[in-house]
Amino acid sequence: MAALVAALVVQAGDRPAWLAAILADRYRAPGTVMLAALIALAAASGIAVAAGLAIAGMLTPAARDLLLGMALLLQGGGALFAHKPPERLANWRLGGFATSLLGLFILCFGDGLQFVVGAIAIRSTMPWMAVAGATLGGIVVLGAAAVMGERDWCRLPRGRIRQGGAVICLMLGVIFGLSGLRLI
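If you're matching positions, the sequence shown starts at 209 in our numbering and goes up one per residue.
Put into structure tokens, the structure is as follows:
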């Protein structure tokens, strides 16, 4: 559940959704872009969870809280800054599905959300559910962007949405960080 909420909050104002809207407009195939986004999100989240599990045994419970706090603070802090538009992938000649899959995977994999998802998985008793949650939360946002198209997606108050997500991440990051330091 935590990964689902994190994906909803983080992806709502981030570049992968914008790219999904761009690609859905270009290929006139929101369904194709949504399927590619689903696979890209699941793959990126799966890698993040696997990486988290690789280090989980080396961390104390306090260190796990501190790691999650740091991931949330970094995500929230980064979201406070304006972001540039995503690369439009105009020169990619792979077709709608392959371009969407690879383009969205690259953008999602380099996203701060994956650090948060890995940190959530480390603290979970069912870490692979973080993959499902992050994928589901992400596809809700990316799917909405694909259906809306770039023009309508860019009309949304994405700056305010991003700032709201940043505030949520920063507040939770402070709470988990202080908990990891055993100050609360």
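Every residue gets a Cβ at the ideal spot worked out from N, C-alpha and C, and that includes glycine.
Residue environment, residue i, which counts as buried when at least 16 other CB atoms sit within 10 Å
{"i": "R236", "result": "exposed"}
{"i": "T417", "result": "Past the edges of the chain, shown from 209 to 392, lies residue 417, and the structure says nothing about it."}
{"i": "M356", "result": "buried"}
{"i": "P294", "result": "buried"}
{"i": "P238", "result": "buried"}
{"i": "G351", "result": "buried"}
{"i": "L391", "result": "exposed"}
{"i": "A156", "result": "Not covered by the structure: residue 156. The range shown for the chain is 209 to 392."}
{"i": "L297", "result": "buried"}
{"i": "G381", "result": "buried"}
{"i": "L249", "result": "buried"}
{"i": "L302", "result": "exposed"}
Straight-line Cα distance separating residue j from residue i
{"i": "A271", "j": "G388", "result": "6 Å"}
{"i": "G346", "j": "C377", "result": "16 Å"}
{"i": "V218", "j": "F384", "result": "17 Å"}
{"i": "M379", "j": "M209", "result": "18 Å"}
{"i": "A252", "j": "F289", "result": "23 Å"}
{"i": "A211", "j": "L243", "result": "20 Å"}
{"i": "T333", "j": "N299", "result": "44 Å"}
{"i": "L312", "j": "M266", "result": "32 Å"}
{"i": "F305", "j": "T240", "result": "6 Å"}
{"i": "L386", "j": "I369", "result": "26 Å"}
{"i": "L281", "j": "F323", "result": "11 Å"}
{"i": "V213", "j": "A342", "result": "8 Å"}
{"i": "G331", "j": "R363", "result": "Before going on, a small fix: residue 331 reads as Arg here, not Gly. Whole-angstrom Cα-Cα distance: 37 Å."}
{"i": "D273", "j": "L321", "result": "16 Å"}
{"i": "A340", "j": "V375", "result": "25 Å"}
{"i": "G285", "j": "R366", "result": "16 Å"}
Own chain partners of residue i with C-beta closer than 6 Å, once the 5 adjacent residues on each side are dropped
{"i": "A353", "result": "A225, A228, A229 and W361"}
{"i": "L216", "result": "G345"}
{"i": "A329", "result": "V257, G260, P335 and A338"}
{"i": "D233", "result": "G357 and E358"}
{"i": "V348", "result": "none"}
{"i": "F317", "result": "A252"}
{"i": "V325", "result": "A211, S253, A256, A338 and A342"}
{"i": "G277", "result": "G381, F384, G385 and G388"}
7 Å CB neighbourhood of residue i in its chain, flanking five on each side removed
{"i": "G373", "result": "V217, V218, A220, G221 and A287"}
{"i": "R223", "result": "H291, P294 and L315"}
{"i": "I247", "result": "L309"}
{"i": "A264", "result": "I330"}
Own chain residues within Cβ distance below 8 Å of residue i, not counting five before or after
{"i": "I314", "result": "none"}
Task: alpha helix (DSSP H) runs wholly inside the stretch 223-262, at least 4 long, in chain order - done: If we require 4 residues or more, the alpha helix (DSSP H) runs fully inside the stretch 223-262 come out as 223-235.
Task: Length at least 4, wholly inside the stretch 280-318: the alpha helix (DSSP H) runs in chain order - done: Counting whole runs of 4 or more residues, the stretch 280-318 contains the alpha helix (DSSP H) stretches 304-317.
- [ ] Within the stretch 314-361, note down every full alpha helix (DSSP H) run reaching 4 residues or more, in order along the chain.
- [x] Runs of the alpha helix (DSSP H) inside the stretch 314-361: 321-331.
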